[in-house]
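Presented below is the structure to which this report refers.
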Amino acid sequence: MVRIPGGTFLMGGDDPDGRPEDGEGPVREVRVDPFWIDPTCVTNAQFATFVKETGYVTEAERIGWSFVFRQFATTGVMEATVPGAPWWAGVEGAAWRSPEGPGSTIGDRQNHPVVHVSWNDATAYAAWAGKRLPTEAEWEMAARGGLERARYPWGDELAPKGRQRCNIWQGRFPTAPSKGTMPVKSFQPNGYGLYNVSGNVWEWTADWWGVEWEPSADNPAGPAEGAAKVIRGGSYLCHDSYCNRYRVAARTNNTPDSSTGHTGFRCAALR
Ligand SMILES: [Cu+2]
């Protein structure tokens, strides 16, 4: 794991590209105690070890389906769709071991981030590993890699010197061919040694979702309760034309029992 020194940092963003309903701003000074965080998301291989040792069954496996990017879905496609997001399909049998549904495997994706894991699944894994999910403030401090108010974890330019720095959508969305997830150590890490904080997969955090910022700026841990959990970082489906949430201040949410083919997690550890 990587030790993040703690201290104060400027959290959030006031980028005009942010959506008001996302509550990215205002930029505020936040203090966080030192903590540890994984340099990468939890991989399929790591999650397989957890399942083998504990017999854990994920929520998607118990419910019998999960959300798959429609372009990837071949069998088991359900009729239910997501309003405003027709590129998602509910797929029967989609789960961490079969990310595109029945017949798909993770055989050649051992070092890719595990997906189709709910917040509850991620929390169970973290407890087994003797770790925990990072708070949103910890996640953002670590993701910024020591840079102040930068747009991305590596600076302000999306592709410095023309070099791609994260796994986001290439070409026209949603019709260009997509590769989906990439290995967890793709691209250069940020200043703290964290890989793929932007793009690849969304990452669950410990916090309940809210857009009203707490007055306390000392180790903030989000609202006391809520209906959805904060996810950060954006995914391989993000594209400037419709979802620019691969910016480091960007945030959105999902309910703790939901799973999708583009959401995973990384763990933090006790201070
Ligand atoms: Cu996005």
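At position 129 of the sequence shown (counting the first as 1) the number is 129 in the numbering used here, and the numbers step up by one without a gap.
Just so it is clear, CB atoms sit at the ideal spot from N, CA and C, and this is done for glycine as well.
Keep in mind it's a predicted model, so treat the numbers as computed, not measured.
Pairwise C-beta distances place the region 84-93 out of contact with the region 12-31, as fewer than three of them are shorter than 8 Å. Taking the Cβ of R245 as the reference point, at least one heavy atom of ligand 1 falls within a distance shorter than 6 Å. Each residue's CA atom was taken as its position, placing K161 and R144 some 20 Å apart.
A direct Cα-to-Cα measurement between G103 and Y195 gives close to 30 Å. Look at C267: its beta carbon is at least 6 Å from all of the heavy atoms in ligand 1. Nearest C-alpha to S178 among N244, G261, A122, R245: G261. At least 7 Å separates the beta-carbon of V211 from that of M141. Comparing alpha carbon positions, the residue from E214, S235, A73, D108 closest to S198 is S235.
Going by DSSP, T252 is part of the beta strand (DSSP E) stretching over 251-254. For G193, same chain residues with a beta-carbon under 6 Å away, outside a window of 5 residues either side, are V2, P39 in chain order.
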